[in-house]
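One structure below.
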Amino acid sequence: MTSEISILNRSFFERDTKKVAQDLLGKFLVRRIGKNLFSGIIVETEAYIGPHDLACHASKGKTERTEVMFGSAGIWYVYMIYGMYYCLNVVTERKDYPSAVLIRALEPDSDLQFTTYNLRLMNGPGKLCRALRIDKKINRTSAMAKNSKLYFEDRGIKISKSRIVKAKRIGVDYAGKWKDKPLRFYIKGNKFISKI
DNA sequence: CAAGAGATCATCT
DNA sequence: GATGATCTCTTGA
Numbered sequence: 000m001t002s003e004i005s006i007l008n009r010s011f012f013e014r015d016t017k018k019v020a021q022d023l024l025g026k027f028l029v030r031r032i033g034k035n036l037f038s039g040i041i042v043e044t045e046a047y048i049g050p051h052d053l054a055c056h057a058s059k060g061k062t063e064r065t066e067v068m069f070g071s072a073g074i075w076y077v078y079m080i081y082g083m084y085y086c087l088n089v090v091t092e093r094k095d096y097p098s099a100v101l102i103r104a105l106e107p108d109s110d111l112q113f114t115t116y117n118l119r120l121m122n123g124p125g126k127l128c129r130a131l132r133i134d135k136k137i138n139r140t141s142a143m144a145k146n147s148k149l150y151f152e153d154r155g156i157k158i159s160k161s162r163i164v165k166a167k168r169i170g171v172d173y174a175g176k177w178k179d180k181p182l183r184f185y186i187k188g189n190k191f192i193s194k195i
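Taking numbering that gives the first Met the number 0, the leading residue of the first sequence gets 0, the next gets one more, and so forth.
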């Protein structure tokens, strides 16, 4: 058995956001900068689901910023937060149903392309964007195009259900009923997640 | 180690 | 004018 490497396509993202968020654990995020490829294993995600999720930016309606979440799946949603950091999301589900998965933490790939390889390089949404030089130029671009500068690979790693921890999302205490819903997912025992 | 504050600006009211 | 899907630094036990 050879494990085949494939780039995740639209049918992967065009599904229930909670499923996509969990299925992204163990997949690789690949960033191309010039001729170089930097990659990491996704170890932590969060789901933001639809117009009723008070933590989802799109719950406040369609605006210039949130419009991308109302579009079709497999497109990057990148925004600046706290004036300093970017957060990386991929749009999910059907058109006009605003939802996305936030990529919260990566374990650096063992290819050792990073000049600083350590536990805290990409253990948070702002930090992984900084490490991979992800900014607003990525916003609204496709994660699925052949020439994407940022895309997902399935390299055959499967994370079983029993190894996935479900927890409440980070930093959304303003979200009323939705603040405690178990929409954060991470690989049990992984050393590269943002918080225990 | 935990808790608190400050950095800093795009976005929306 | 207020706020935030964060992070780092400082303080203190």
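Note that the Cβ used here is the ideal one computed from N, Cα and C, for glycine as well.
Just to confirm, are residue i and residue j a CB contact at a threshold of 8 Å?
i	j	result
residue 94	residue 71	yes
residue 64	residue 131	no
residue 196	residue 67	For residue 196 there is no data in the structure shown, the boundaries of the chain being 0 and 195.
residue 160	residue 181	no
residue 90	residue 184	no
residue 128	residue 96	no
residue 171	residue 100	no
Tell me whether residue i is buried or exposed, calling it buried when 16 or more other Cβ atoms sit within 10 Å of its Cβ.
i	result
residue 168	buried
residue 173	exposed
residue 119	exposed
residue 115	exposed
residue 39	buried
residue 17	buried
residue 158	buried
residue 44	buried
residue 149	buried
residue 146	exposed
residue 144	exposed
residue 10	exposed
residue 98	buried
residue 117	exposed
residue 92	buried
Below 8 Å on the Cβ atoms is my contact criterion, and I expect residue i with residue j to pass it. Report the Cβ-Cβ distance as a whole number of Å.
i	j	result
residue 48	residue 142	No, residue 48 and residue 142 are not in contact; Cβ-Cβ is about 19 Å, not under 8 Å.
residue 237	residue 186	A query on residue 237 cannot be resolved here, the shown segment of the chain reaching from 0 to 195 and no further.
residue 124	residue 86	5 Å
residue 223	residue 177	As shown, the chain starts at 0 and ends at 195. That puts residue 223 outside it, with no answer to give.
residue 21	residue 163	6 Å
residue 69	residue 59	The pair is not a contact, with the Cβ atoms about 12 Å apart (cut-off 8 Å).
With DSSP as the reference, identify every bridge partner of residue i, one or two as the case may be.
i	result
residue 107	39
residue 23	Answer is none; residue 23 lacks a bridge partner.
residue 153	5
residue 184	44, 165
residue 74	141
residue 85	79
residue 98	48
residue 90	99
residue 171	Paired residue(s): none; residue 171 is not in a bridge.
residue 131	For residue 131, which the question treats as bridged, DSSP gives no partner whatsoever.
residue 28	39, 151
Original post:
Using 8 Å as the Cβ pair cut-off and three pairs as the minimum, do the stretch 150–165 and the stretch 17–31 touch?
Top reply: yes
Original post:
Should the stretch 186–193 be regarded as contacting the stretch 104–116, the criterion being three or more beta carbon pairs within less than 8 Å?
Top reply: yes
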